[in-house]
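Quick note on the numbering used here: the sequence shown kicks off at 61 and runs consecutively.
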Amino acid sequence: MEVPKIYEALRRVPDPKTGQDVVSMGRIKNLMVEGKQVNFSIQLDSLDTEHKSELNFACIQAIQEVYPEAEVNVHMISR
């Protein structure tokens, strides 16, 4: 799995509040790929539960569209 392709997939995930993609907004932090494991953090202004789960599932879905075998772990962090 290639890191650039994962970033490309995440560019299709909009921030629920602004509509801009999470990559352009600088929300993706510490992206690491090891085998099938894809781990990264999403930095949010607040850990609003409604948006957390929506964003989590959107990121997983976007990556699995490119790499169906990926095991995606998303960590939510607050500024």
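Ideal Cβ positions, reconstructed from N, Cα and C, are used throughout, including at glycine.
Pick from H111, N116 and R72 that is closest to F100, judged by C-alpha positions: When C-alpha distances from F100 are compared across H111, N116 and R72, the shortest belongs to N116.
Range covered by the beta strand (DSSP E) that runs through V98: If you look at V98, you'll find it in the beta strand (DSSP E) that goes Q97 to L104.
Three-state class that DSSP yields for S138 in the structure shown: Collapsing the DSSP output to three states places S138 in a strand.
Close-in-space but distant-in-sequence residues of the same chain around L91 (CB under 8 Å, 5 per side omitted): Take L91, set aside five residues on each side of it, and the residues of its chain with a beta-carbon closer than 8 Å to its own are V63, I66, Y67, V98, N99 and F100, in chain order.
Per-residue DSSP class, three states only, for P74: P74 sits in a strand when the DSSP states are folded into three classes.
Given A29 as reference, the closest of N133, L104 and I120 once Cα atoms are compared: Nothing can be reported for residue 29, as the shown portion of the chain is limited to 61 through 139.
Short Cβ contact (8 Å threshold) for A122 with R72: For A122 and R72, yes; Cβs fall inside 8 Å.
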